[in-house]
Structure formats: structure tokens, C-alpha cells
Amino acid sequence: MAVALTVPRTMAAMKLAVLRNSMSGQKAGSIVMGGALGLVLAGGTLYAAFQTGDLLAAAYAVWMLGWIFGPVFAGGGDETLRPEYFTSLGLPPRRLAAGLLVSAFVGVAPVISLLALSGLVVFGVRQGPAAVLVALPAMLLQLAVFVLLSRVAVAVMGLALRSRAGAVGAGLVNGAILAALGQGWVFAVALGQTGGIPAGASAAVRYLPSGWGLAAVEAAGTGAWGRAGLTLGALAVLVALLLAAWAALLARRAGSVKASARGRRPMTAATATGAVVAKELRTWSRDLVRTHQLTFAVAYGVFFAAAPLVLGWTAMLPWAGPIFIIMAAAMSANLYGVDGTALWLTLLSPGAADVRGRQLAWLLVVGPVAAALALGLTSVTGGPWPMVLALTAALLGGAAGIVPLISVYALVPGIDPHRRGNNPLRSSEDDGAMTGLAYAVLVLVALTGAPAAVAAALYGWAGVAVGVVTGGLCLWGFGLLAQRRLHAQGPELLHTMRTGKRPPAKPGSWAKFDDLPKREQIITALCWSVGAIPLFPQGIVAGFLKANGTEDRSWFLALHMPEGLQWPVIVFMVLLGLGVYGLGLWIPYRRRTP
Amino acid sequence: MTPALEIVGLTKTFGEKVAADHVDLTVPPGSFYGLVGQNGAGKTTTLSMATGLLRPDGGSARIFGADVWSDPSHALAMVGVLPDGLAMPERLTGREVLTYLGLLRGLAKDVVAARAQELLSVLELDRAEKTLVIEYSTGMRKKIGLAAALLHAPRLLVLDEPFEAVDPVSAATIKTILRGFVAGGGSIVLSSHVMALVEQLCDHVAVIDQGRVAAAGPLEQVRGDRSLEDTFVGLVGASDTGSRGLSWLSR
Chain A
1 MAVALTVPRT MAAMKLAVLR NSMSGQKAGS IVMGGALGLV LAGGTLYAAF
51 QTGDLLAAAY AVWMLGWIFG PVFAGGGDET LRPEYFTSLG LPPRRLAAGL
101 LVSAFVGVAP VISLLALSGL VVFGVRQGPA AVLVALPAML LQLAVFVLLS
151 RVAVAVMGLA LRSRAGAVGA GLVNGAILAA LGQGWVFAVA LGQTGGIPAG
201 ASAAVRYLPS GWGLAAVEAA GTGAWGRAGL TLGALAVLVA LLLAAWAALL
251 ARRAGSVKAS ARGRRPMTAA TATGAVVAKE LRTWSRDLVR THQLTFAVAY
301 GVFFAAAPLV LGWTAMLPWA GPIFIIMAAA MSANLYGVDG TALWLTLLSP
351 GAADVRGRQL AWLLVVGPVA AALALGLTSV TGGPWPMVLA LTAALLGGAA
401 GIVPLISVYA LVPGIDPHRR GNNPLRSSED DGAMTGLAYA VLVLVALTGA
451 PAAVAAALYG WAGVAVGVVT GGLCLWGFGL LAQRRLHAQG PELLHTMRTG
501 KRPPAKPGSW AKFDDLPKRE QIITALCWSV GAIPLFPQGI VAGFLKANGT
551 EDRSWFLALH MPEGLQWPVI VFMVLLGLGV YGLGLWIPYR RRTP
Chain B
1 MTPALEIVGL TKTFGEKVAA DHVDLTVPPG SFYGLVGQNG AGKTTTLSMA
51 TGLLRPDGGS ARIFGADVWS DPSHALAMVG VLPDGLAMPE RLTGREVLTY
101 LGLLRGLAKD VVAARAQELL SVLELDRAEK TLVIEYSTGM RKKIGLAAAL
151 LHAPRLLVLD EPFEAVDPVS AATIKTILRG FVAGGGSIVL SSHVMALVEQ
201 LCDHVAVIDQ GRVAAAGPLE QVRGDRSLED TFVGLVGASD TGSRGLSWLS
251 R
């Protein structure tokens with residue numbers, strides 16, 4: 001027994017030591033930022049616990065999906081302790097999995113999730129003492145389910161990415177699930193209820209494994225002890241099953257990913273730019289992680305746009321192309337980072353136009369699919385041609401400009417492809433920064449489509465010309481900026497890639513988030529996370545509602561106030577929001593490097 | 001005569017640590033120059049700064065008179081570099097890597113094809129025609145790196161640990177190629193911490209210790225009548241920890 005406990009305890013201690021050490025490095029920035037954001041979300045979940053069970057169950061469903069899909073798209077999840085570290089110890093797979101599971105609970109994300117899951121206790125208190133008694137084990141089991149689902153998802157993805165069919169299949173499934181989530185309202189409406197959460201959805205969120213804990217607490221609250229016990233038991237069985245599955249998958253993890261071995265065409269390029277294009281196109285077709293990302297982007301675009309067909313509404317269908325372009329851009333956000341230190345070859349041939357080649361290759365991969373989606377689906381619905389064509393042109397050019405630009409300006413150091421070990425999703429140590437970069441590209445690329453969209457909405461076909469022009473300008477101009485940056489800062493970028501650390505700030509520039517003292521990092525991150533709440537919903541939206549004389553007060557504080565105080569509260573909220581954002585800016589500004 | 005590589009006062013500091021402290025080196029043309037030092041002595045830092053891969057805090061590096069940092073297109077055209085442990089375009093086959101790099105360097109397509117064929121067959125990589133670089137063994141990675149460094153017919157080769165983790169057969173192949181390169185008038189700088197290898201190959205040697213040049217010059221002059229290993233240990237002042245055994249291993 002003592003031996004059985006030693007493995008998990010040692011692994012947990014190891015994990016804690018690694019985390020403690022990384023808190024002094026630059027990774028601390030991402031951890032603090034992610035932690036602050038997580039705290040805000042956990043706070044929202046606790047708020048839901050004071051409302052209805054439906055809301056709480058829905059919130060936990062979102063937490064579960066975050067645990068499953070977060071690692072798949074943001075660098076392969078927590079790999080602080082890798083199974084490979086322990087191969088020489090010869091542990092049986094179950095014991096290895098158990099040890100890794102215990103260490104998986106040590107970390108920021110599990111602690112924050114536990115805080116969110118303490119909503120079960122809050123909910124239990126409202127139901128009675130018996131429900132609290134059930135809520136405590138339910139909370140822990142539920143956390144174990146989240147953590148294990150996450151591990152199993154990453155392991156399954158690792159297996160899927162060993163074959164082209166697996167990569168494509170996983171891309172389709174993931175795209176469909178995430179698109180369905182984004183379009184949840186469609187299905188809610190389709191289920192036929194108006195107002196409130198429909199009964200079908202209310203049951204569905206409890207049937208998901210994320211809702212079992214809540215179901216047990218609710219059963220205990222109504223005195224249905226049998227059902228409460230049964231649900232808790234089911235949770236425990238699920239944990240055991242997931243652990244067994246994970247142990248089995250860990251045993252199969254040995255051996256790194258085989259690259260796809262399709263027929264090799266000889267390179268026919270004859271110029272430097274042509275060579276870059278040829279290299280990039282081969283990487284796109286042979287790297288199964290990229291195959292997965294591309295299939296995911298296609299599936300996401302198609303399913304997202306096709307979901308309203310459930311309601312017989314076709315107007316969204318032509319948007320699949322533009323949505324696909326934006327998603328594909330976000331997936332390739334860290335263009336230079338994923339190649340790792342291979343950048344040295346670019347530095348040694350200063351004359352070659354690397355950025356132009358990469359832009360062209362990106363367009364050759366994404367362009368035809370985007371054009372086919374846009375043309376095909378728009379001809380199905382018979383329009384609106386000007387808007388779709390304008391956006392397709394503008395977004396293609398915009399994305400091909402933004403992607404290389406942001407990847408040289410906000411490079412997230414990647415792990416060299418030949419050092420990724422047995423987790424093909426693990427392309428960077430800093431998955432927080434990777435996620436941030438992907439979201440930034442999502443927003444920036446969407447913005448490059450704005451002028452064309454406005455023009456198409458106002459003047460019809462003239463918008464297409466605007467789209468072609470802005471697309472071309474973005475492609476040319478942003479590419480030029482990226483090329484210049486690569487020339488000027490190439491050695492620094494390579495050094496970042498070699499060491500996994502970003503270089504220190506230059507004199508006169510603002511302090512980087514990572515370089516702030518930890519206390520100020522926390523304050524800054526909190527400011528950026530919560531500033532939006534007073535500014536937008538409580539301030540601007542509330543003001544808008546008041547100006548329109550809306551009756552529904554909802555959670556807008558100002559509208560609950562006596563008439564005379566309503567405008568002052570709205571103004572106060574706007575100022576508060578601006579103040580909080582200002583504080584978030586002022587802290588790094590104050591600490592700028594002398 | 002213009003030196004093949006002239007390093008003057010190269011300095012680099014990472015945080016508190018001075019990785020290279022005013023390093024001066026002159027590599028005569030036609031020489032086979034060995035750079036020896038312990039792990040972390042500053043060999044890689046120095047060679048990276050000399051080949052445009054790491055920006056120095058101070059000092060300069062010139063390749064056949066062309067400054068690496070102010071005139072990179074001239075300087076870098078004359079040098080072939082094999083860094084230690086950096087990535088390649090991993091999803092390409094060996095031949096594709098050479099084709100890509102040759103075109104990137106501005107060579108004509110047929111020249112690239114002919115040279116790639118010859119390099120692959122001499123380095124015995126043509127048997128793994130369909131294998132991607134990411135699936136290569138460590139020895140094969142060194143060999144494709146060397147091929148990439150030789151492809152554009154440079155006059156100077158800068159090789160960082162070219163024999164690290166290479167099997168004896170591949171090592172023999174690489175040695176033959178390097179000796180041939182020097183015999184043909186080329187110059188080589190290589191770093192290593194295997195003294196026997198440097199004694200066997202090089203005619204010049206520099207000992208780097210804690211970011212400084214502890215000794216430099218023709219091999220015979222640096223080592224005198226001792227072996228290079230004894231000279232090295234004497235120069236870097238190793239303590240006597242090597243003679244102490246591990247108590248729990250003695251029976």
C-alpha cells in the first residue's frame with residue numbers, strides 16, 4: 001500500500017516543483033493571465049448556481065467542453081509530467097495513469113475548475129443539508145471526470161493523428177461539435193419552446209457527463225436517495241472507465257507520429273520564391289496536424305453556416321466560405337513558430353523572399369477551398385453575390401497578410417517538430433500565448449473584411465471591387481512589413497525560438513506583461529478581464545436600453561435604481577469601466593524600461 | 001592574406017551570464033581549425049555570432065573580409081554552416097531539402113539537381129529517398145546538414161559539433177569529405193569537446209573557457225609536447241573531482 005501511494009505522491013510533488021519553478025519565468029505571464037480569466041468564469045458559474053439548475057448545468061457543459069477541446073486546439077494540454085519520463089521505471093500502465101492523474105490535479109486549471117464546481121455545494125445549500133452531503137463527493141468526482149476527459153481526448157487525438165483518415169475524421173467531428181455549440185440557439189429554437197431553456201435542452205445538459213453531479217445533488221434535494229446514490233455511483237464508474245481507457249491509451253503512445261507517406265512528387269520549382277512555396281505546400285499536405293486544422297476549419301465553416309437549415313433558413317449558407325477563411329487563418333496564426341528553429345536557414349539566405357512564398361502557399365491551400373465554398377453555396381441560395389464575393393476576396397488577402405505579420409511580431413516560440421515527442425498537438429510550451437494569438441488573428445482578419453462588407457451592404461457590386469483592393473493591399477503591405485521585420489529582427493526571432501524565451505524589452509518601451517512583478521500581473525490581468533463588464537453591459541448597453549425605454553431590467557444594475565439615479569449610475573459604470581481599463585494600461589506604462 | 005574568418009572582440013551577455021567575453025580569433029585560409037571547450041564554454045554562442053545567427057552585443061566578424069553583420073549577402077554567400085541541433089524543413093525528403101536550399105541560395109535548377117544527386121550519394125543518403133527529415137536518425141540529420149552546408153560551394157565551413165552522436169561509419173564518411181574540402185583549398189572551423197578528434201583532424205586549435213579564448217594557434221604550438229587533453233585540462237583548471245569515485249558503487 002505504501003508503494004502504491006508513493007508513485008502518485010512523488011509525481012504530485014514533482015509537478016508542484018515544476019510549476020513553482022516556471023512561476024519565476026516568462027510562462028508565469030500566461031499562467032496569471034489565464035488564471036485571472038478563469039477566476040472570472042468561475043465567478044460567473046457561481047452566479048449561475050444562485051439562479052436555476054438549468055443554467056448551472058449548461059455552465060458545467062461549457063466547462064467540460066473547454067477541458068476537452070482546449071488542449072486539442074491550444075498545444076496539446078498540460079504536459080508538465082510526460083509518460084515518457086517514467087518509462088525506465090517499468091510501472092504497470094494503470095499505476096502510471098493513476099500517478100499521472102493525481103499529478104494532473106496539481107495546477108491552476110483544476111483549482112479554478114474546482115472553484116466553479118463548488119457551485120454544486122452552493123446549489124446544495126439551497127436545497128437542504130442532505131444535498132450538501134451529496135454535493136461534496138459529486139464536486140470531486142465531477143472534477144476527476146473533467147480532468148480525465150481532457151487527458152483521454154488528447155490521447156485519442158494523438159492516435160487519430162497517426163493516419164490521414166484519422167486526422168480528417170477528427171477534424172470533421174471537432175468542427176461539427178464546435179460549430180453546433182456556436183449555433184446552439186438554432187437547436188434551442190428548433191426544439192420548439194419559446195422563452196426560457198426548453199425542456200429538451202434542460203434534460204440534455206443533465207444527461208451529459210458534466211450534468212451528473214448536479215443531477216445527484218438535485219435528486220438528494222428532493223429526497224430521492226436512490227437516484228442520488230445511483231448517479232454518484234455512475235460518476236464513479238465513469239471515472240474508473242476513463243482511467244482504464246487512459247491507461248490503455250498511454251500504453252499505445254510509444255512511437256512518434258509517422259509522417260504521411262504518400263507518393264513524393266519531384267520539386268519542379270525554379271526560383272527562390274517557388275522553392276518556398278513548394279516547401280510550404282509539402283508541409284501542408286504531409287503534416288497531419290495541419291491536415292486536421294484545415295479539415296476542422298472547413299467543417300466548422302460548413303456546419304456553422306448550415307446549422308440554420310434545421311429551421312429551414314438558408315440565408316446563412318453562403319457564409320461558410322468567409323467563416324472558413326477566418327478559422328483557417330486562426331489555425332495558422334503561429335506560422336513561423338510551428339517551424340521552430342528552421343528559421344536559421346532563412347537567415348542564411350538574406351536575399352530570398354520567404355514571406356512572399358509563404359503567403360502564396362497559404363493562398364494556394366486555402367483559396368481554392370474558400371472559392372469553391374463561396375461559389376457553390378451562394379449559387380445554392382442564389383445570393384447575396386456581392387457580399388459573399390467582396391468578403392471572400394477581402395478576407396483571403398487580409399488573412400494572407402495578417403498571418404505572417406502577426407507571427408513575426410508576436411512570435412510564440414514553438415517546439416521543434418522533431419522534438420515534440422509523442423504528442424503531435426504539442427507545438428509550443430506556452431499554450432496560453434498560442435490561444436491568445438489565434439483569437440487575435442480571428443479578430444484582426446475579420447476586421448480586414450469590414451470595409452468590403454460595408455461597401456457591399458451599401459453599394460452592392462462596388463463592394464467586390466473594394467474587397468479586391470483591400471485584400472490586395474493587405475496582402476502586399478502586411479507582407480512587406482513582415483518581410484522587413486524578419487530582416488531586421490531575424491536573429492532575435494531565432495534566439496526566441498532556440499531558448500523558448502522572448503527577448504527583454506528595449507529601453508523606452510512599455511514593460512511587457514511577463515516582466516511585471518507578480519502582484520501587478522494579477523491586477524493588470526484582472527483589469528483586462530473585468531473592465532468590459534461595467535463598461536459595456538452595465539454602462540453602454542444599459543444606457544442604450546434606458547434610452548429606448550425598455551421594460552426588461554434583467555441584470556442591469558442601473559435599471560433597478562430609482563428613476564433619478566439611473567443615468568448617474570450608468571455614467572458611473574462607464575467611467576468605472578474606462579478607469580479599470582486605464583489602470584490596466586497604466587501599470588505596464590509606469591514600469592516602462594528606462 | 002585575408003583570413004577566412006576573423007573574429008574581433010565578439011561579446012554576448014545573456015542576463016547575468018557572459019557567454020562570450022571579447023573573443024578574438026583568426027582563421028587562416030586553408031586551415032582546419034578546431035574550437036575546443038567544455039559544455040557551456042561559449043563555442044556555440046561564438047560560432048552563431050560569426051555566422052549571422054545571433055546578434056552580438058559588441059565586436060565584429062568578417063568572412064574573407066566581408067562583414068557578417070553590415071554586409072551579410074556577401075559574407076554569408078561564402079560560408080556553409082552546420083549548427084548543432086537546429087530544425088530543418090522537417091517534412092521534406094533529403095533531396096527536397098537540398099533542392100529547396102539550393103534555389104533559396106539562388107543557384108540554377110539543373111546545378112542544384114546535379115549537386116544534390118552527388119551529395120546524397122557520397123553521404124549515402126540516397127538509400128532513404130522517400131524518408132522525411134523528421135524521421136532521420138541523428139547521424140543522418142548531421143549528414144543532411146553537412147550536405148546543405150556544402151551545396152552552394154562555400155569557401156569556409158563553420159561546423160558546430162559535427163560528430164556529436166554520429167556512428168563511426170558515418171563519422172568516417174564525414175571526415176573524408178572534410179579532409180577533401182581542406183585539400184581543395186577550403187577552410188573549416190569546427191567545434192568539439194572530443195580532443196582526440198580535434199588532434200586527428202585539425203592543424204589549428206583554440207581553447208575556449210568561460211567565454212574567453214584561453215589559448216589559440218597552430219596545434220603543435222598550443223599543445224607543445226603534451227597531449228591536447230592534458231593541455232586542455234591544464235588550461236581550464238579542472239578540479240580533482242574526476243579522480244573521486246562514487247562511494248556506493250565500490251564493493
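Chains A and B, in that order, are what the protein sequence lines are. Numbering-wise (UniProt numbering), the first sequence opens with residue 1 and increments by one. Numbering-wise (UniProt numbering), the second sequence opens with residue 1 and increments by one. Ideal Cβ positions, reconstructed from N, Cα and C, are used throughout, including at glycine. Because the structure is a prediction, the values reported are computed rather than measured.
| Check | Outcome |
| --- | --- |
| Three-state secondary structure (DSSP) at B:Thr-51? | coil |
| Report the residues of the stretch 76-100 of chain B with a CB closer than 7 Å to any CB of chain A, ordered along the chain. | Leu-76, Val-81, Pro-83, Leu-86, Ala-87, Met-88, Pro-89, Glu-90, Arg-91, Leu-92, Thr-93, Glu-96, Thr-99, Tyr-100 |
| Under 7 Å between beta-carbons, which chain B residues line up against A:Leu-347? List them in chain order, please. | Gly-52, Leu-53 |
| Tell me which residues share the same chain as A:Ala-353 and place their Cβ nearer than 8 Å to its Cβ, disregarding the 5 neighbours each side in the sequence. | Ala-272, Thr-273, Val-276, Gln-483 |
| Identify, in the order they occur along the chain, each residue of the same chain with its Cβ nearer than 6 Å to the Cβ of A:Tyr-581, setting aside the five sequence neighbours on each side. | Gly-531 |
| Taking DSSP's pairing of strands, which residues face B:Lys-17 in a bridge? | B:Phe-14 |
| Quick check: what's the CA-CA separation for A:Leu-243 versus A:Leu-56? | 26 Å |
| List, in chain order, every chain A residue whose beta-carbon is nearer than 7 Å to that of B:Gly-106. | Ala-272, Gly-351 |
| Starting from the beta carbon of B:Lys-43, find every residue of chain A whose beta carbon is closer than 7 Å, and list them in chain order. | Those within 7 Å of B:Lys-43 in chain A number zero; the least Cβ separation is about 15 Å. |
| Less than 8 Å between CB atoms is the rule here; does A:Gln-193 satisfy it with respect to chain B? | Bear in mind that the predicted position of A:Gln-193 carries a pLDDT of just 48, short of 50, making it too unreliable to give a figure here. |
| Kindly list, in the order they appear in chain A, the residues whose Cβ is closer than 9 Å to that of B:Lys-142. | Here the premise fails: no neighbours, minimum Cβ distance about 13 Å. |
| Can you find a C-beta in chain A that's less than 8 Å from the C-beta of B:Ile-134? | yes |
| Tell me whether A:Leu-5 is buried or exposed, calling it buried when 16 or more other Cβ atoms sit within 10 Å of its Cβ. | exposed |
| Tell me B:Arg-62's beta-bridge partners as DSSP assigns them. | B:Glu-6, B:Asp-67 |
| Tell me, please, whether the CB atom of A:Gly-340 is closer than 8 Å to any CB atom in chain B? | yes |
| Pop quiz: B:Ile-174 and B:Leu-157 are said to be a contact at Cβ under 8 Å. What is the actual Cβ separation, rounded to whole angstroms? | Not a contact, Cβ separation roughly 11 Å. |
| Tell me, which residues are paired with B:Phe-32 by DSSP? | B:Ile-188 |
| So if DSSP puts B:Pro-218 in a beta bridge, which residue, or which two residues, is it bridged to? | B:His-204 |
| Which same chain residues end up closer than 7 Å to B:Pro-162 when comparing Cβ atoms and leaving out the 5 residues on each side of it in sequence? | Leu-82, Lys-142, Leu-146, Ile-174, Leu-190 |
| Exposed or buried, which one is B:Leu-104 when buried takes at least 16 other CB atoms within 10 Å? | buried |
| With a threshold of 8 Å between beta-carbons, can B:Pro-72 be considered close to chain A, or not? | yes |
| Given this structure, state the Cα-to-Cα distance separating A:Val-574 from A:Leu-238, to the nearest angstrom. | 47 Å |
| At the 8 Å Cβ level, is B:Leu-103 part of the contact set with chain A, yes or no? | yes |
| Between the stretch 278-290 of chain A and chain B, which residues of the former have a C-beta closer than 8 Å to a C-beta of the latter? | Ala-278, Lys-279, Arg-282, Thr-283, Arg-286, Asp-287 |
| Going by DSSP in three states, residue 258 of chain B sits in which element: helix, strand or coil? | Residue numbering for chain B in the displayed model covers 1 to 251; residue 258 of chain B lies beyond these limits and cannot be assessed. |
| Which residues in chain A sit within 8 Å of B:Lys-17, going by Cβ to Cβ distance? | Here the premise fails: no neighbours, minimum Cβ distance about 12 Å. |
| Over the uninterrupted alpha helix (DSSP H) stretch that includes A:Leu-117, give me the two end residues. | 108-117 |
| Rounded to whole angstroms, how far is the Cβ of B:Ala-4 from the Cβ of B:Thr-45, which I believe are closer than 8 Å? | With a Cβ gap of about 20 Å, B:Ala-4 and B:Thr-45 do not count as contacting. |
| For the stretch 412-431 of chain A against the stretch 83-90 of chain B, are there 3 or more C-beta pairs whose distance is under 8 Å? | yes |
| Grouping DSSP H, G and I as helix and E and B as strand, with all else coil, what is A:Thr-314? | coil |
| Can you tell me which of A:Met-33, A:Ala-116, A:Thr-291 puts its alpha carbon nearest to the alpha carbon of A:Pro-424? | A:Thr-291 |
| Under the DSSP definition of a beta bridge, which residues are partnered with A:Ser-150? | Answer is none; A:Ser-150 lacks a bridge partner. |
| Going by CA-CA distance only, name the one from A:Met-497, A:Met-267, A:Ala-558 that's closest to A:Ser-407. | A:Met-497 |
| Enumerate in chain order the residues of its own chain whose CB-to-CB distance from A:Met-316 is below 7 Å, with the five nearest sequence positions on each side excluded. | Ala-305, Pro-308 |
| Contact between the stretch 130-145 of chain A and the stretch 207-220 of chain A is defined here as three or more beta-carbon pairs at a separation below 8 Å; is this criterion met? | yes |
| Is A:Ser-427 helix, strand or coil by DSSP? | coil |
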